[in-house]
Amino acid sequence: MQLISTSPSLLFASLLLLCSSSVHAGDCQKTTDIERERCTIADTGLRMNDLQAVGSHNSYKLAIPAPELARIRAYNERSAITLDYSHLPLKEQLNLGMRQIELDVVYDPEGGRFADPLLPREAAGEPGAQAYDAAQMQKPGFKVLHSQDIDVRSNCMTWILCLSEIRSWSQANPEHVPILIMLNAKEGGSAYPGVEPALDFNEAAYSALDAETLSVFSWHEIITPDLVRGDHPTLREAVLANNWPSLDDARGKVFFALDERPEKVRTYARDKASLQGLPMFVNSIDSSADHAAYFTINDPEEAFERIQATVTQGFIVRTRADANTIEARQDSTERREAAFASGAHYISTDYYVPRLEFSSYQVQLPSDSAARCNPVRCAP
Numbered sequence: 012m013q014l015i016s017t018s019p020s021l022l023f024a025s026l027l028l029l030c031s032s033s034v035h036a037g038d039c040q041k042t043t044d045i046e047r048e049r050c051t052i053a054d055t056g057l058r059m060n061d062l063q064a065v066g067s068h069n070s071y072k073l074a075i076p077a078p079e080l081a082r083i084r085a086y087n088e089r090s091a092i093t094l095d096y097s098h099l100p101l102k103e104q105l106n107l108g109m110r111q112i113e114l115d116v117v118y119d120p121e122g123g124r125f126a127d128p129l130l131p132r133e134a135a136g137e138p139g140a141q142a143y144d145a146a147q148m149q150k151p152g153f154k155v156l157h158s159q160d161i162d163v164r165s166n167c168m169t170w171i172l173c174l175s176e177i178r179s180w181s182q183a184n185p186e187h188v189p190i191l192i193m194l195n196a197k198e199g200g201s202a203y204p205g206v207e208p209a210l211d212f213n214e215a216a217y218s219a220l221d222a223e224t225l226s227v228f229s230w231h232e233i234i235t236p237d238l239v240r241g242d243h244p245t246l247r248e249a250v251l252a253n254n255w256p257s258l259d260d261a262r263g264k265v266f267f268a269l270d271e272r273p274e275k276v277r278t279y280a281r282d283k284a285s286l287q288g289l290p291m292f293v294n295s296i297d298s299s300a301d302h303a304a305y306f307t308i309n310d311p312e313e314a315f316e317r318i319q320a321t322v323t324q325g326f327i328v329r330t331r332a333d334a335n336t337i338e339a340r341q342d343s344t345e346r347r348e349a350a351f352a353s354g355a356h357y358i359s360t361d362y363y364v365p366r367l368e369f370s371s372y373q374v375q376l377p378s379d380s381a382a383r384c385n386p387v388r389c390a391p
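Quick note: the sequence shown uses the numbering used here, first residue 12, plus one each step.
Here's what the structure looks like:
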């Protein structure tokens with residue numbers, strides 16, 4: 012099901028109406044796809060927070076093989092339902108227009124901590140079992156997976172491999188709008204018996220993570236907190252002054268956001284109130300924090316007014332069009348429609364391609380656009 016009709020005439024009319032009274036009206040009226048039709052847009056009239064794009068949730072995740080999923084189902088049927096989704100390789104997602112990628116990382120400074128996961132080991136030799144290639148997991152460095160020992164299969168198994176794939180695509184497509192790379196820093200264990208706990212993320216872990224990030228992307232390829240802050244006293248003040256880079260300057264770049272709870276945000280930020288010298292933004296503790304620039308607000312129905320207010324102020328927001336496979340199984344579009352209407356800049360989904368065994372549920376911008384004018388920031 013489409014969010015909006017993909018008839019070119021109707022799409023153009025919709026955007027014309029949407030932006031006709033906006034400060035960005037002249038820019039919005041000229042295109043239905045900000046990324047592909049750059050030549051028709053005066054980029055200087057738009058900033059990177061004037062856009063809206065679709066992204067993927069847990070973008071690295073591969074399907075759990077049947078005998079492993081059966082073990083999860085026997086332990087907790089609900090968990091088996093919520094974990095039953097998967098994604099295409101990152102480059103294919105980017106080719107389909109995803110402009111937000113989400114990665115979960117675990118800390119493995121010595122290597123090998125996650126090289127012999129529980130469920131693949133238990134299911135080995137059973138019908139439908141798949142071998143687990145642990146070669147990359149033996150090396151020191153940050154690994155990318157959803158849940159150690161349980162949901163472990165990734166289309167890129169390390170932080171460096173995932174970032175390298177994104178950077179390779181970015182270099183081949185330098186006109187793209189800014190790509191948000193979100194990450195969760197996974198810690199602790201699981202209620203599932205026999206799970207190896209993940210190491211905590213302390214300051215040393217975050218420093219190592221930043222070092223790995225900068226081993227792939229150079230500073231000039233990243234939109235950083237310092238770049239946005241500029242000469243303003245705090246990052247928050249810069250955002251409220253609309254100091255995000257122009258769309259023209261942001262093209263071909265990425266930016267990172269640590270999507271974590273306040274205590275992890277404080278550990279990452281150390282004593283850098285505006286994230287000075289750091290490559291990543293953080294999920295802002297609140298809108299009054301000096302570091303406030305980016306917010307993860309996952310439920311666009313429950314938090315619809317909050318998202319709209321946050322977007323209007325100038326902060327960047329990511330929300331979710333679906334969660335736990337529910338919307339696809341029920342062919343329910345209410346949450347998706349709320350996500351788009353909320354003005355959240357990046358709308359995450361597991362269903363940029365429909366899973367037809369469930370329904371035709373799908374999340375995409377009109378005409379498969381990679382980005383469009385934000386319906387709140389460009390509203391009449």
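Note that CB positions come from ideal geometry on N, CA and C, so glycine has one too.
From the options, residue whose alpha carbon lies closest to that of residue i
{"i": "Y363", "options": "H356, E348, F351, D379", "result": "D379"}
{"i": "P244", "options": "H302, V293, S298, S158", "result": "H302"}
{"i": "F306", "options": "D115, A202, N294", "result": "N294"}
{"i": "G123", "options": "K150, L225, A183", "result": "K150"}
{"i": "S97", "options": "R110, D127, D162", "result": "D162"}
{"i": "D160", "options": "M193, F125, I177, Y143", "result": "F125"}
{"i": "A222", "options": "S285, C167, M291", "result": "M291"}
{"i": "S121", "options": "M109, N106, Q147", "result": "In the sequence as displayed, the identity of residue 121 is Glu instead of Ser. Closest by alpha carbon: Q147."}
{"i": "G108", "options": "Q287, I177, R340", "result": "I177"}
{"i": "Q341", "options": "H356, A355, E368", "result": "E368"}
{"i": "C173", "options": "I192, V374, N106", "result": "I192"}
{"i": "A300", "options": "L251, G199, A81", "result": "L251"}
{"i": "E207", "options": "C167, S158, M168", "result": "S158"}
Where residue i falls, given that 16 or more other Cβ within 10 Å makes a residue buried
{"i": "P273", "result": "exposed"}
{"i": "G152", "result": "buried"}
{"i": "T235", "result": "buried"}
{"i": "I371", "result": "In the sequence on display, residue 371 carries Ser and not Ile. Answer is exposed; the Cβ neighbour count stays below 16."}
{"i": "W255", "result": "buried"}
{"i": "R132", "result": "exposed"}
{"i": "L130", "result": "buried"}
{"i": "S218", "result": "exposed"}
{"i": "Y86", "result": "exposed"}
{"i": "N247", "result": "First, the amino acid is wrong: residue 247 is Arg here, not Asn. Label assigned to R247: buried."}
{"i": "Q104", "result": "buried"}
{"i": "Q182", "result": "exposed"}
{"i": "T330", "result": "buried"}
{"i": "M216", "result": "Looking at the sequence shown, residue 216 is not Met but Ala. It counts as buried."}
{"i": "T323", "result": "exposed"}
{"i": "S226", "result": "exposed"}
{"i": "D282", "result": "exposed"}
{"i": "H187", "result": "buried"}
{"i": "H231", "result": "exposed"}
Three-state secondary structure (DSSP) of residue i
{"i": "D221", "result": "helix"}
{"i": "C389", "result": "coil"}
{"i": "T169", "result": "strand"}
{"i": "T360", "result": "strand"}
{"i": "D259", "result": "helix"}
{"i": "V65", "result": "strand"}
{"i": "L210", "result": "coil"}
{"i": "A196", "result": "strand"}
{"i": "V276", "result": "helix"}
{"i": "A249", "result": "helix"}
{"i": "A268", "result": "strand"}
{"i": "R89", "result": "helix"}
{"i": "R164", "result": "coil"}
{"i": "G383", "result": "Residue identity differs from the one stated: residue 383 is Arg in this sequence, not Gly. Correct three-state label for R383: strand."}
{"i": "R366", "result": "coil"}
{"i": "L177", "result": "For the record, residue 177 in the displayed sequence is Ile; it is not Leu. DSSP places I177 in helix when its eight states are reduced to three."}
{"i": "I45", "result": "coil"}
Spatial neighbours of residue i in its chain, beta-carbon cut-off 6 Å, leaving aside the 5 residues before and after
{"i": "P78", "result": "A134, E137, G139, A140"}
{"i": "L156", "result": "V163, S165"}
{"i": "L28", "result": "Residue placement at L28 is flagged as unreliable, the pLDDT there being 30, under the threshold of 50; a coordinate-derived value is accordingly withheld."}
{"i": "L210", "result": "Y118"}
{"i": "A349", "result": "P311, E312, F315"}
{"i": "Y143", "result": "P131"}
{"i": "P100", "result": "N166"}
{"i": "S285", "result": "R240, T245, L246, D301, H302"}
Contact set for residue i: own chain, Cβ-Cβ below 8 Å, skip 5 residues either direction
{"i": "I337", "result": "S343"}
{"i": "E345", "result": "E312"}
{"i": "T321", "result": "S298, F306, I308, V328"}
{"i": "E271", "result": "N195, A196, Y279, V293, N294"}
Below-8 Å beta-carbon distance, residue i vs any chain B residue
{"i": "I308", "result": "No chain B appears in the structure shown, which is made up of a single protein chain."}
Contacting residues, own chain, Cβ-Cβ under 7 Å from residue i (five flanking each side not counted)
{"i": "T93", "result": "N335, T336"}
{"i": "P189", "result": "M59, I234, A261, K264, V265, F266"}
{"i": "A249", "result": "V239, R240, G241, H243"}
{"i": "R366", "result": "A339"}
{"i": "H393", "result": "No answer is possible for residue 393: it lies beyond the span of the chain, which begins at 12 and ends at 391."}
{"i": "N319", "result": "In the sequence as presented, Asn is not what sits at residue 319; that position holds Gln. If we look at Q319 and ignore the five residues flanking it on each side, its Cβ neighbours are S353, G354, V387."}
Any chance you could list the alpha helix (DSSP H) runs of at least 4 consecutive residues sitting entirely within the segment 98-157, in chain order? Listed in chain order, they are 101-106, 129-134.
Complete runs of the alpha helix (DSSP H) confined to the segment 279-357 [at least 4 residues]: 315-324, 337-341, 345-353
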